[in-house]
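Number of protein chains: 2
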Amino acid sequence: MDLRGNFEQNANAMGNKPMHKVLVVDDEEPILELLKYNLEKDGYEVKTAADGMRAIEIARKFIPDLVLLDIMMPKMDGVETCRLIREIPEMQKAFVVFLTARSEEYSEVAAFDVGADDYITKPIKPRALMSRITALFRRETKKVSPASLISIGDLTIDRVSYTIKVRNKEINLPKKEFELLYFLAQNPNKVFSREDLLQNIWGTDVYVLARTVDVHIRKVREKIGEDYITTVKGVGYKFSLS
Amino acid sequence: MDLRGNFEQNANAMGNKPMHKVLVVDDEEPILELLKYNLEKDGYEVKTAADGMRAIEIARKFIPDLVLLDIMMPKMDGVETCRLIREIPEMQKAFVVFLTARSEEYSEVAAFDVGADDYITKPIKPRALMSRITALFRRETKKVSPASLISIGDLTIDRVSYTIKVRNKEINLPKKEFELLYFLAQNPNKVFSREDLLQNIWGTDVYVLARTVDVHIRKVREKIGEDYITTVKGVGYKFSLS
DNA sequence: ATGTTTCTTAACAATTCCTTAATGAACGGC
DNA sequence: GCCGTTCATTAAGGAATTGTTAAGAAACAT
């Protein structure tokens, strides 16, 4: 069973990679397969369409983050398809990358004019294509974390340098421990159940036992002292000011 | 809590912001048109120039907030044009963004030395360009020209000669290694992901695997010692003072 | 051209971190 | 006191990330 299935917004406090959706549009079956195979291997969720009409139908529901679009297609060509896709409100911010045979020299200007973000010439080299797609998503503006510095009493949590300071002593925490402490400290005095913590720090698509939280709590306490995190029996943990 | 939200930069379409003036300089007519069209669609006031001389004439009267400047031009190249533009008193605080063909590899250092704020490789992808311009204007403070000399502890980084000094010993670093160290040292204690580093050092249009960063980190450490660059597992690297 | 340096990738090793499971301790109800 | 529940603590295996090396491309210089 594919556990990745329906979890799009698996972004969480740790900044896990969101899974991106890709729609591939080409009239040649082998190319569809090749691209689908490579994309899925890299962890993208993929749908395919054999012509422009189908592409638009699918785009409306699927709302891909990226459309790979063959320029030369029967019935409706790529540029026209792109224009129509851009008319779908939710598709405004999606990326569109054209696939074009080298010989064609299809007007780049026309392509970019309808809002293409890049174009790639056939024959397609999977590795190169994949790295360019990676680069596309890499450019995405990323969110700014709410507070990069939390200071409570003699404890300082610095998300920029990923370090904490207790009683003027700097300590390096492993990622999960850091995120756990950071998350609790963002809402001082508020109790979170283990499930809450798993959801927010581990993410929705991870299958981890609730007891795992205990172990991390224990390790954080070991490093910063017992005074900051309080156990609320039967409920969960909270960051307590004292 | 899904922290990911839809924070996109749909800034331009509405809102009564001050209208920004843009001067586009390129010797190719189609490119001028493409850029002019897209910029005006986004609400900028645009003027164009086909060569450096004309550019300077226009800049003197028009006083644009942003100059898009092709690096490769007949008669006077972009770098020279930029320097002359910077001599116009009213143009001191304008943004300058270079346009460059991917193949050229025009000296970035030369470009930044004459006061470029960014550079973008052709072929130009209007949507990407527009969002970068939006981002440029959104920045409150104009990027300060980076210091050419950084000194931290017993480490000195000299951007002019591309050399560093550790414990009074001068070392020559290859370009990528130097820029990596330089970039990290500019923001001491700040953790950068491999993606961050790729974007800022390799550029947005280069397709390189993230693990490549590791190898360069390794080489830098080999040369300057293990004490300066710290790994933050699961996150990235940082320059750490200790 | 030729040789040299640098960059990138790939493969494997080393390390750290995460998760689980097992055990013991604390607490409350009966 | 006894029992059951819940949490604390520890250790071990496995998973994930990073370190390291080498080899082929690419860029650069001679």
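From first to last, the protein sequence lines are chains A and B.
Per my numbering, residue 5 is the first one in the first sequence, and the count goes up by one each step.
Per my numbering, residue 5 is the first one in the second sequence, and the count goes up by one each step.
No residue lacks a Cβ here, since even glycine has one placed at the ideal position from N, Cα and C.
Run down chain B in chain order and give the residues with a C-beta less than 8 angstroms from the C-beta of Asp81 of chain A.
In the first sequence, the residue the question calls residue 81 of chain A occupies position 77. None at all; the shortest Cβ gap to chain B is about 19 angstroms.
With Ala53 of chain B as the anchor, note down where its beta strand (DSSP E) starts and where it stops.
For the purposes of this step, residue 53 of chain B is identified with residue 49 of the second sequence, where counting begins at 1. Residues 49 to 53.
Would you identify the three-state DSSP class for Tyr166 of chain B, choosing helix, strand or coil?
As a working mapping, residue 166 of chain B is identified with position 162 in the second sequence. Of the three classes helix, strand and coil, the one that applies to Tyr166 of chain B here is coil, per DSSP.
What residues from chain A crowd round Gln190 of chain B, counting only those whose CB sits closer than 9 angstroms?
If you number the second sequence from 1, residue 190 of chain B lands on position 186. Correct list: empty, because the minimum Cβ distance to chain A is about 14 angstroms.
Using a Cβ cut-off of 7 angstroms, pull out every chain A residue sitting near Glu199 of chain B, in sequence order please.
Residue 199 of chain B sits at position 195 when you count from the first residue of the second sequence. Per Cβ cutoff of 7 angstroms: Arg142.
Leaving out the 5 sequence neighbours to the left and right, which residues in its chain are closer than 8 angstroms to Lys79 of chain B when beta-carbon positions are compared?
As a working note, residue 79 of chain B is residue 75 in the second sequence. Within the same chain, Lys79 of chain B has close Cβ partners Asp55, Gly56, Met57.
Shortest alpha-carbon distance to Gly82 of chain B belongs to which of B:Val28, B:Phe196, B:Asn172, B:Gly238?
Looking up residue 82 of chain B in the second sequence gives position 78. With distances taken between Cα atoms, Gly82 of chain B lies closest to B:Val28.
Mark Glu94 of chain A as exposed unless 16 or more other C-beta atoms lie within 10 angstroms of its C-beta, in which case mark it buried.
As a first step, residue 94 of chain A must be located in the first sequence, where it is residue number 90. Under this definition Glu94 of chain A is an exposed residue.
When burial is assigned at 16 or more other CB atoms within 10 Å of the CB, is Leu184 of chain B buried or exposed?
Reading the second sequence from its first residue, position 180 is the one you call residue 184 of chain B. Buried, because 16 or more other Cβ atoms sit within 10 Å of the Cβ of Leu184 of chain B.
State the Cα-Cα distance for the pair Phe243 of chain A and Val101 of chain B, rounded to the nearest angstrom.
As a first step, residue 243 of chain A must be located in the first sequence, where it is residue number 239. As a first step, residue 101 of chain B must be located in the second sequence, where it is residue number 97. Whole-angstrom Cα-Cα distance: 48 angstroms.
Our contact map puts Met134 of chain A next to Asp74 of chain A with C-beta atoms below 8 angstroms; I'd like the distance itself, whole angstroms only.
Translated into the one-based positions of the first sequence, residue 134 of chain A becomes position 130. Translated into the one-based positions of the first sequence, residue 74 of chain A becomes position 70. Contact annotation, Met134 of chain A with Asp74 of chain A: C-beta distance approximately 18 angstroms; criterion of less than 8 angstroms not satisfied.
Apart from the five residues just before and just after Ala189 of chain B, which ones in its own chain have a Cβ nearer than 7 angstroms to its Cβ?
The residue you call residue 189 of chain B lines up with position 185 of the second sequence. The beta carbon of Ala189 of chain B sits closer than 7 angstroms to the beta carbons of Ile154, Ile156, Ile161, Phe243 from its chain, once the five residues preceding and following it are set aside; these are given in chain order.
Neighbour list for Lys179 of chain A in chain B, Cβ cutoff strictly below 9 angstroms
Taking the first sequence and counting its residues from 1, the one referred to as residue 179 of chain A is at position 175. Listed along chain B, the residues sitting closer than 9 angstroms to Lys179 of chain A by beta-carbon distance are Val236, Lys237, Gly238, Val239.
So which residues on chain B does Asp121 of chain A lean against when the C-beta distance must stay under 8 angstroms?
For the purposes of this step, residue 121 of chain A is identified with residue 117 of the first sequence, where counting begins at 1. Asp121 of chain A reaches chain B at Lys129, Arg131, Ala132, counting residues in chain order whose Cβ is nearer than 8 angstroms.
Could you work out which residue in A:Tyr166, A:Val224, A:Ile233, A:Asp121 is closest to Cys86 of chain A when comparing CA atoms only?
Taking the first sequence and counting its residues from 1, the one referred to as residue 86 of chain A is at position 82. Per the Cα distances, A:Asp121.
Can you have a look at Ser107 of chain B and say buried or exposed, based on whether 16 or more other CB atoms are within 10 angstroms of its CB?
Counted from its first residue, the second sequence places residue 107 of chain B at position 103. Caution applies to Ser107 of chain B, whose pLDDT of 49 falls short of 50 and renders its modelled position unreliable; the value that the coordinates give is listed next. Ser107 of chain B sits exposed, since fewer than 16 C-beta atoms from the chains shown fall within 10 Å of its C-beta.
Just the Cα atoms here: how many angstroms apart are Asn42 of chain A and Lys40 of chain B?
Here residue 42 of chain A corresponds to residue number 38 of the first sequence, with the count starting at 1. Here residue 40 of chain B corresponds to residue number 36 of the second sequence, with the count starting at 1. Taking C-alpha positions only, Asn42 of chain A is separated from Lys40 of chain B by approximately 38 angstroms.
Starting from the C-beta of Tyr48 of chain A, find all residues in its chain whose C-beta is less than 6 angstroms away, skip the five residues before and the five after it, and write them out in chain order.
Locating residue 48 of chain A in the first sequence gives position 44, where the first residue counts as 1. Excluding residues within five positions, the ones whose Cβ falls inside 6 angstroms are His24, Val26.
For the stretch 206 to 226 of chain B, list every residue whose C-beta sits within 9 angstroms of some C-beta in chain A, in sequence order.
For chain A, the residues of the stretch 206 to 226 of chain B that bring a beta carbon within less than 9 angstroms of one of its beta carbons are Thr208, Asp209, Val210, Tyr211, Val212, Leu213, Ala214, in chain order.
Express the C-alpha separation of Ile89 of chain A and Arg142 of chain B in angstroms, rounding to a whole number.
On the second sequence, position 138 is the one that residue 142 of chain B refers to. On the first sequence, position 85 is the one that residue 89 of chain A refers to. Using only the alpha carbons, I get a separation of about 28 angstroms.
Report whether the distance from the Cβ of Thr138 of chain A to the nearest heavy atom of the ligand GDP is below 7 angstroms.
Ligands are entirely absent from the displayed structure, and the ligand GDP is therefore not among its contents.
Any chain B beta carbon closer than 8 angstroms to Gly9 of chain A
The sequence position of residue 9 of chain A within the first sequence is 5, counting from 1. Bear in mind that a pLDDT of 31 at Gly9 of chain A, under 50, signals an unreliable position, so the model cannot answer this.
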